[in-house]
Structures are given as structure tokens and as C-alpha cells.
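First up is the structure itself, then whatever we jot down about it.
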Amino acid sequence: MWPQGRIPVKMKEAFWNSIAAYNSATWIWQIAMAVVAAVLPALLWFRPKEWVKTVTKLYMAAVSLWIAFVYYMKYGAVRDYSNVMTIFWCLVALSWIYDLATRFSSFRKSGKYSAIGLAILVLPLAYPFISVSRGLEFPQITTPMIPSGVALYMLGMLMTFNRKINFFAFLLVMHWSVIAISKIAIFKIPEDALLAAACIPSMVIFFLQMLKDAGQSSFKPSGKYVKTLIYAVAVLLAGCMAVA
Amino acid sequence: MTQEHMTEIANFLARYLSYMLGSGVHTSRVVRNSKRIGAALGVDVSIHTSQKTATLTVTDSECLFFKTRVVDIPAFPISFEWNADLSALSWAACDEKMSLEAIERKFAEITAKPRMNPVFVLFMVSLANASFCRLFGGDIWAMLITFTATMIGFFTRQHLTKRKVNHYIVFIVSAFVASICASSSLALGIDTAEIALATSVLYLVPGVPLINGLIDITDGHIQIGISRIVNAFMLIICIAIGMSVTLMLVKDSLL
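Those protein sequence lines, which keep their order, are chains A and B.
Residue numbers for the first sequence follow our numbering, beginning at 11 and rising by one.
Residue numbers for the second sequence follow our numbering, beginning at 49 and rising by one.
Set out below in C-alpha cells:
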């Protein structure tokens with residue numbers, strides 16, 4: 011199924027070397043951005059003013075562009091097709107800018123799933139600890155400011171403040187978590203299992219919410235069949251993760 | 049037959065054929081069904097169709113009166129269910145000698161049926177594309193990436209269509225978004241990454257207009273047949289533009 015034996019060692023080396031170069035050069039910026047990332051949900055939780063929501067969306071766009079241009083274009087340029095990932099993260103940034111322009115997502119709590127959301131928000135902090143526990147040393151470790159950590163943070167924000175979410179951003183994060191599942195196998199990064207594991211319940215919750223918002227009575231097949239389909243796809247994804 | 053009754057028949061048939069043409073039924077079937085209902089109600093029906101409008105003339109058997117209607121063809125989603133049910137209605141009208149009121153009632157019932165759930169369609173289209181990926185030789189990872197790439201592309205299409213964006217632009221943007229997401233498989237070094245890239249836009253292929261166009265031409269409805277084929281080719285060109293942008297960005301070539 012997965013061509014394990016054919017993954018060039020050079021590819022894995024390039025991956026870890028680029029992470030090391032990125033961490034060495036940007037660790038101070040990463041800490042600064044992580045602090046902002048920690049302040050924003052606190053502000054949204056306790057003082058959900060309009061300007062906080064605007065700043066959060068701008069931060070989401072900025073952090074996506076950071077991953078696109080700093081992580082992939084500058085330090086990940088040695089990897090094959092890193093330009094693809096740059097474009098992908100520009101798309102993520104675009105989804106937040108579009109959301110800001112249309113003022114679609116509300117970043118308001120719905121009273122449900124906030125606990126799961128907060129748990130997911132904390133998960134990116136586990137990345138360096140898992141790396142260290144695996145015997146890796148700085149700078150060759152994963153941090154909360156690598157793509158999967160940022161995707162996990164976005165997922166946590168969407169889950170915590172889920173009254174009306176930016177669905178484009180969610181789908182792009184979901185796509186990223188599918189990539190993460192395959193990266194667990196290819197680059198041997200068990201840290202990415204955090205994103206993959208968080209994405210599956212999020213997928214179920216957000217699609218069930220989307221189904222509810224669509225108004226089930228005016229559509230066919232009936233809601234129970236669509237729910238079954240959503241659960242089946244979630245199980246399928248979980249199965250793939252188990253294989254990885 | 050009174051003029052008033054003929055007006056009612058003409059109005060109903062105009063609506064009937066516009067719904068059929070709008071939901072993606074090929075022209076000769078629409079003409080045949082409309083004529084069948086007309087015959088059941090005791091009138092002759094002549095129809096001329098084009099891409100955007102249709103003209104029909106209803107004449108009574110003694111050629112004393114005629115009524116002509118020109119109708120716009122609404123752009124409904126392709127519906128095989130309407131195709132089957134509305135065709136069955138024409139047979140029922142003929143076999144059971146239904147009155148115009150009964151036919152209209154049944155027509156209202158058919159067209160009022162609930163539409164497909166957009167979430168269900170989103171999942172099924174994504175699963176279908178992932179299956180195409182497998183059929184063309186993609187491995188499990190390529191299938192998964194095709195699944196989510198299609199989901200993003202199709203959601204973009206649903207969103208832009210809801211916002212009434214020009215459908216050629218919708219096709220270009222959706223093809224670009226789906227293919228750029230699928231191209232992420234290239235960075236992972238998956239063997240079948242190019243299959244994922246190629247199959248991620250298959251959900252956009254306008255199969256029904258292409259088939260209808262060909263059937264129309266072979267049935268002698270040359271004008272609308274060519275219109276439908278030209279429209280389908282325009283959509284295919286839009287897919288090609290969206291995908292070309294991705295390939296130029298990602299591979300510096302068109303593969």
C-alpha cells in the first residue's frame with residue numbers, strides 16, 4: 011500500500027534538516043507568535059469584542075502566510091515541491107481573508123464542544139515534548155509553529171468558538187490532516203497523530219452541524235442516512251490512520 | 049374544445065417542457081413526452097427548442113384554434129428523477145386518460161419533491177472521485193488526498209454557485225482549488241500523486257450536456273445539440289484553464 015522501502019533517505023534528511031534550520035533561525039519569532047496565539051482565545055473567551063475577532067482572523071491569515079513563506083519558501087525550499095505547500099498555505103490565508111471580508115464566521119461560543127476545543131488548543135504545545143521524549147534535540151524537533159501545529163491550533167479555535175465557523179478553513183485543515191496521516195508513515199513523525207486524531211471528531215461534529223443548518227426536512231435522503239455516511243467516512247479515515 | 053381550455057393546456061405544456069429541458073433531458077424525449085400529453089388531451093403540439101428558450105404551438109384537432117407560447121428554460125440541477133417521473137407522467141396521462149387538472153396535480157407533486165441534501169452530495173461526489181482515483185491506479189493515500197481535495201473543490205463550487213457567480217468562473221476556480229489541493233500529494237513523494245492530481249477535477253466534467261448534445265444531433269435537433277455541445281466544451285475549457293494554472297505553478301509545465 012505505502013511504498014515504505016522506496017522513500018529516499020535524502021527526502022527524510024531534507025525534511026528534518028529544514029526543520030532544524032527553521033527552528034534555529036526563528037525560535038524567537040515562534041515564541042512571540044505562540045504568545046499571541048495563547049492571548050487571542052483568552053480575549054475571545056472573556057472579551058469577545060468585534061476588534062478581537064478581526065485581529066484573530068488577521069492573525070490566522072498572517073500565521074498561514076508565515077508557514078507559506080518562511081517555513082516552506084525560505085527554509086523548506088530544499089524539499090521537493092515545497093512551492094506546492096507554499097501555495098496551499100496561501101490558500102489557507104486566503105480563506106481567512108475572505109472570511110474577514112465577508113464577516114462570515116462569528117468566533118462565538120455555542121455552549122457545546124468548548125471543552126474539546128480547549129483541549130485541541132493546548133495540543134500544539136505537546137509537539138516539542140513528544141519530540142524530546144523520542145530522543146530528538148533542539149533544533150531538530152517539532153514545535154507548535156510548524157504547519158501541523160498551526161493547523162491543530164486553527165482546528166482548536168474553530169471548535170472552541172463554533173457558533174458559525176469558517177468552513178473553507180476547516181476543509182483545508184481537514185485536507186492537511188489527511189496529509190499528516192500519510193506523513194506519520196513517510197517521515198516518521200508520530201506528533202502528527204495529534205492532528206489526525208483531533209480532526210476526525212471535528213469532522214463529525216462540523217459536518218453534523220452543517221447538516222443541521224441545511225435544514226433536513228427539505229432534503230433527501232433523510233438526515234439519519236447522511237449521518238451514517240458521515241460516521242462511515244470518519245471510521246474510514248480512522249482506519250487509514252491506524253494503518254499509518 | 050374552448051379557447052380557454054386550450055390556453056390552459058398550452059400554459060401547462062410550456063411549463064412541463066421547460067422543466068424537462070432545464071433538468072437535463074434530451075430534446076427528442078421532451079418533444080415526444082409533450083406530444084404524448086397533448087395527444088391525451090386532444091391537441092397537436094409542435095415544438096421548437098433552443099439553448100435558452102423553447103417555443104410551442106398547441107392546435108386543436110379541427111385546426112380551428114391555436115395557441116403559441118415562448119418560454120425561458122430555467123437552469124435546474126441535472127435531475128434523473130424528474131426525467132423519469134415526468135416521462136412516466138406523460139405515459140400515465142396517455143394510458144389512464146387523465147384530465148388536465150389531474151396531470152397538473154401530479155406534475156406539482158413531482159416538482160415539489162425534496163432536493164438532494166447538499167452535504168450528502170458533497171460526500172458522495174468526493175467518494176466518487178476517490179473511487180475514480182482507485183480505478184486509474186491510485187493507492188490509498190492518493191485516494192484520501194483526492195477525497196479531501198474534491199471536497200474542497202466541490203464545496204467551493206457549491207458556495208460560489210449559491211452566490212450566483214458566473215458558472216464559467218465557478219468552474220475555473222473550482223478546478224484550480226481541487227487540483228492545487230490534490231497536488232500536495234506530489235510533495236509527499238507518493239508514487240501515484242499524478243493520478244490524484246488528474247482525478248481531482250473529474251467531478252466537474254459535464255457528462256450530461258455532452259451526451260445530450262450528441263443524442264440531440266443524432267436525433268436531428270442539430271441546433272440545440274450544437275448549443276449543448278458548445279456549452280459543454282466551454283466548461284471543459286474552463287476545467288483545463290483551472291488545472292493548467294495549477295500545473296504551471298506546481299510542475300512548471302503541463303505534465
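Where a beta carbon is used, it is the ideal one built from N, C-alpha and C, also for glycine.
Which residues share a DSSP beta bridge with K230/A? As a first step, residue 230/A must be located in the first sequence, where it is residue number 220. Its beta-bridge partners are M164/B.
Comparing the C-beta of D202/A with each C-beta of chain B, is any distance below 8 Å? By one-based count along the first sequence, residue 202/A stands at place 192. So no, D202/A is outside the interface.
For R276/B, which option in G70/B, A160/B, F60/B and K210/B has the closest C-alpha, if you only look at C-alpha atoms? Stepping through the second sequence from its first residue, residue 276/B is reached at position 228. Cα-wise, what sits closest to R276/B is G70/B.
By DSSP, does S116/A sit in helix, in strand, or in coil? The count along the first sequence starts at 1 and reaches residue 116/A at position 106. When secondary structure is reduced to three states using DSSP, S116/A falls in the coil class, being assigned neither helix nor strand.
Closer than 8 Å, CB to CB, is N177/B near chain A or not? Here residue 177/B corresponds to residue number 129 of the second sequence, with the count starting at 1. The Cβ of N177/B sits no closer than 8 Å to any Cβ of chain A.
Pick from A207/A, W55/A, I107/A and P211/A that is closest to G159/A, judged by C-alpha positions: The sequence position of residue 159/A within the first sequence is 149, counting from 1. Of the candidates A207/A, W55/A, I107/A and P211/A, the one whose C-alpha sits nearest the C-alpha of G159/A is A207/A.
Please state whether DSSP places T152/A in a helix, a strand or coil. The residue given as residue 152/A occupies position 142 in the first sequence. Coil.
So for F114/B, helix, strand or coil by DSSP? In the second sequence, the residue the question calls residue 114/B occupies position 66. Reduced to three states, the DSSP call for F114/B is strand.
Please report the distance separating the alpha-carbon of I196/A from that of D109/A. Here residue 196/A refers to the residue found at position 186 when the first sequence is read from its first residue. Here residue 109/A refers to the residue found at position 99 when the first sequence is read from its first residue. Whole-angstrom Cα-Cα distance: 34 Å.
List, in order along the chain, the chain A residues whose C-beta lies closer than 7 Å to that of M199/B? Here residue 199/B refers to the residue found at position 151 of the second sequence. Counting only Cβ-Cβ distances below 7 Å, M199/B has contacts in chain A at L181, in chain order.
Which residues, in order along the region 81-109 of chain A, keep a beta-carbon less than 8 Å from a beta-carbon of chain B? Here the close residues are R89, D90, Y91, S92, N93, V94, M95, I97, F98 and L101.
Along the alpha helix (DSSP H) that carries V91/B, what are the first and last residues, could you check? If you number the second sequence from 1, residue 91/B lands on position 43. Run containing V91/B: none in the alpha helix (DSSP H); it sits in the beta strand (DSSP E), V91 to T97.
Contacts around F114/B, its chain only, beta-carbon distance under 6 Å, and the 5 residues preceding and following it disregarded: The residue labelled residue 114/B in the question sits at position 66 within the second sequence. Contacts found: T105 and T107.
Indicate the three-state DSSP secondary structure (helix, strand or coil) for V106/B in the structure shown. Taking the first residue of the second sequence as 1, we reach residue 106/B at position 58. Strand, per DSSP.
What is the residue span of the alpha helix (DSSP H) that I217/B lies within? For the purposes of this step, residue 217/B is identified with residue 169 of the second sequence, where counting begins at 1. From DSSP, the alpha helix (DSSP H) with I217/B extends over H215 to A230.
Roughly how far, in whole angstroms, is the beta-carbon of T196/B from the beta-carbon of M167/A, given that I think they are within contact range, below 8 Å? Within the second sequence, residue 196/B is the residue found at index 148, counting from 1. Within the first sequence, residue 167/A is the residue found at index 157, counting from 1. Not confirmed; about 20 Å, so no contact.
Quick check for students: name the residue ranges of the alpha helix (DSSP H) that lie wholly in the region 124-204 of chain A, counting only runs of 4 or more. 124-132, 136-143, 157-170 and 177-196
Residue nearest to I77/A in terms of C-alpha spacing, selected from V65/A, N33/A, K119/A and L135/A: Taking the first sequence and counting its residues from 1, one reaches residue 77/A at position 67. Nearest of V65/A, N33/A, K119/A and L135/A to I77/A, Cα basis: N33/A.
So with CB distances below 7 Å, who are the chain B contacts of K230/A? Residue numbering aside, residue 230/A sits at position 220 when the first sequence is read from its first letter. Chain B residues near K230/A: P162, M164 and N165.
Is K174/A close to chain B, meaning its C-beta is less than 8 Å from at least one C-beta of that chain? Here the question's residue 174/A lines up with position 164 in the first sequence. Not one chain B Cβ lies under 8 Å of K174/A.
Do we get a CB-CB distance below 8 Å when we pair A78/A with the residues of chain B? The sequence position of residue 78/A within the first sequence is 68, counting from 1. No, A78/A does not count as interfacial toward chain B.
Which residues in the same chain as V79/B place their Cβ atom closer than 6 Å to its Cβ, once the five residues preceding and following it in sequence are excluded? Residue mapping note: residue 79/B aligns to position 31 of the second sequence, counting from 1. For V79/B, where only same-chain residues beyond five positions count, the Cβ hits under 6 Å are I95.
Interface positions of the region 254-287 of chain B facing chain A (Cβ-Cβ less than 9 Å), listed along the chain: none
Tell me, to the nearest whole angstrom, how far the beta carbon of F128/B is from that of Y64/B; I am working on the premise that it is less than 8 Å. For the purposes of this step, residue 128/B is identified with residue 80 of the second sequence, where counting begins at 1. For the purposes of this step, residue 64/B is identified with residue 16 of the second sequence, where counting begins at 1. Rounded, the Cβ-Cβ distance is 17 Å, inconsistent with contact.
Tell me, please, whether the region 174-188 of chain B touches the region 205-213 of chain B by the rule of three or more beta-carbon pairs shorter than 8 Å. no
Inspect the beta-carbon positions of T170/A and S124/A and report whether they are closer than 8 Å. Taking the first sequence and counting its residues from 1, one reaches residue 170/A at position 160. Taking the first sequence and counting its residues from 1, one reaches residue 124/A at position 114. Contact flag set, yes.
Spatial distance of V142/A from P134/A (CA atoms): As a working mapping, residue 142/A is identified with position 132 in the first sequence. As a working mapping, residue 134/A is identified with position 124 in the first sequence. If I take the Cα positions, the gap works out to 14 Å.
Of all the alpha helix (DSSP H) runs that stay within the bounds of the region 239-296 of chain B, which reach a length of 4 or more residues? 241-247 and 255-266
At the 8 Å Cβ level, is V298/B part of the contact set with chain A, yes or no? In the second sequence, the residue the question calls residue 298/B occupies position 250. True, the Cβ-Cβ gap to chain A drops below 8 Å.
Assigned exposure category for I210/A - 16 Cβ within 10 Å defines buried: Along the first sequence, one-based indexing puts residue 210/A at 200. Result: buried.
Meets three-Cβ-pair contact criterion under 8 Å: the region 87-101 of chain A and the region 61-78 of chain A: yes
Name the residues in the region 234-252 of chain B whose C-beta lies less than 8 Å from a C-beta of chain A; which are they? L234, A235, L236, G237, I238 and D239
Mind pulling the chain A residues with CB within less than 8 Å of W130/B? Translated into positions along the second sequence, residue 130/B becomes position 82. The contact set of W130/B on chain A, defined by CB atoms closer than 8 Å, is empty, because the minimum CB distance reaches about 13 Å.
Under 8 Å Cβ-Cβ, which residues of chain B neighbour K193/A? Against the first sequence, residue 193/A aligns to sequence position 183. Chain B residues near K193/A: L236.
In whole angstroms, what is the alpha-carbon distance linking A62/B and I175/A? Here the question's residue 62/B lines up with position 14 in the second sequence. Here the question's residue 175/A lines up with position 165 in the first sequence. The straight-line gap from Cα to Cα measures roughly 43 Å.
Interface residues of chain A facing S135/B [CB-CB closer than 7 Å]: The sequence position of residue 135/B within the second sequence is 87, counting from 1. Listed by position along chain A, the residues whose Cβ is nearer than 7 Å to that of S135/B form an empty set, because the closest Cβ is around 20 Å away.
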